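Colleague: Dropping a structure here in structure tokens format, bear with me for questions.
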Amino acid sequence: MTAERVQHWTNAMQDARGNVPTELKDKLIRLVAIFTREGDFGDSVVLGLKATELSLFERPEDGSTQARVVFELTVTRDMVNTHDMLHGGCSAFIVDTCSSIALALAGYAKGGNVDLVSQALNTNYFAGASLGDKLEIVNVTLATGSRTSTARTEIWDTTTRRLCASGTHVKMRPAASNLKL
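In the numbering used here, the protein residues as written are 1 to 181.
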């Protein structure tokens, strides 16, 4: 984690509306800075994300604390296919990354585990988004337990007012490694 990466995520998250306390937002910023290293797969996409909402809420059905995290992102050249439309693989990457941030926020809020690995990632595609279109990525946690956690993501094209894709992401605690070096 570099100071530049922490500053980037501070800038990308500091103006987000919502009720997340500053100390919790700071923990989330540091975690995201650790897991989004320069040069990693999708780095240019990740750097385009800007948080517009970071909220925690009590779900009325069961009283559990859940998170809602909303990002905005512009479709750039490195995100499109040969038809200059948002690539399906990029959509799945956005679902993975953004839902993971929502799950981390919920995990921190509940004092639980944030060290999770993907178990299942399902993405459904509905409409394309063109190069230059503005996206809104809405992430809501569904369940955050001691073994598995699940979030739902919707990718909206705010330029055309269409739902591009939705996804569910199930994450779990990693098994302890038996590797002996």
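For every residue, glycine included, the Cβ atom is placed at its ideal position computed from N, Cα and C.
Since the model is a prediction, treat every value here as computed from it, not as a measurement.
What's the gap between the Cα of phenylalanine 126 and the Cα of tyrosine 108?
Modeller: The residue labelled residue 126 in the question sits at position 126 within the sequence shown. The residue labelled residue 108 in the question sits at position 108 within the sequence shown. Approximately 32 Å, taken between the alpha carbons.
Colleague: Exposed or buried, which one is alanine 102 when buried takes at least 16 other CB atoms within 10 Å?
Modeller: In the sequence shown, residue 102 corresponds to position 102, counting from 1. Buried.
Colleague: Nearest to tryptophan 9 by CA position, among Gly18, Ala129, Asn19 and Arg37, is which residue?
Modeller: Within the sequence shown, the letter at position 9 stands for residue 9. Closest by alpha carbon: Arg37.
Colleague: With distance defined between alpha-carbon atoms, name the residue in Ala165, Ser149, Cys90 and Thr159 nearest to glutamine 66.
Modeller: Residue mapping note: residue 66 aligns to position 66 of the sequence shown, counting from 1. Nearest option by C-alpha distance: Ser149.
Colleague: Cβ atoms of methionine 85 and glycine 128: under 8 Å apart, would you say?
Modeller: If you number the sequence shown from 1, residue 128 lands on position 128. If you number the sequence shown from 1, residue 85 lands on position 85. Against a cut-off of 8 Å, the Cβ pair of methionine 85 and glycine 128 comes out as a contact.
Colleague: Just reading off the beta strand (DSSP E) that leucine 183 is part of, what are its end residues?
Modeller: Past the edges of the chain, shown from 1 to 181, lies residue 183, and the structure says nothing about it.
Colleague: Under the assumption that leucine 54 contacts lysine 25 (Cβ atoms under 8 Å), give the Cβ distance between them as a whole number of angstroms.
Modeller: As a first step, residue 54 is located in the sequence shown; it is residue number 54 there, counting from the start. As a first step, residue 25 is located in the sequence shown; it is residue number 25 there, counting from the start. Contact flag correct, Cβ pair sits at about 6 Å.
Colleague: Have a look at alanine 143 and arginine 152 and give me their C-alpha separation to the nearest angstrom.
Modeller: Within the sequence shown, residue 143 is the residue found at index 143, counting from 1. Within the sequence shown, residue 152 is the residue found at index 152, counting from 1. Using only the alpha carbons, I get a separation of about 10 Å.
Colleague: Please give me, in chain order, every unbroken run of the alpha helix (DSSP H) with length at least 4 that falls completely inside the stretch 55-132.
Modeller: The qualifying runs are 88-109.
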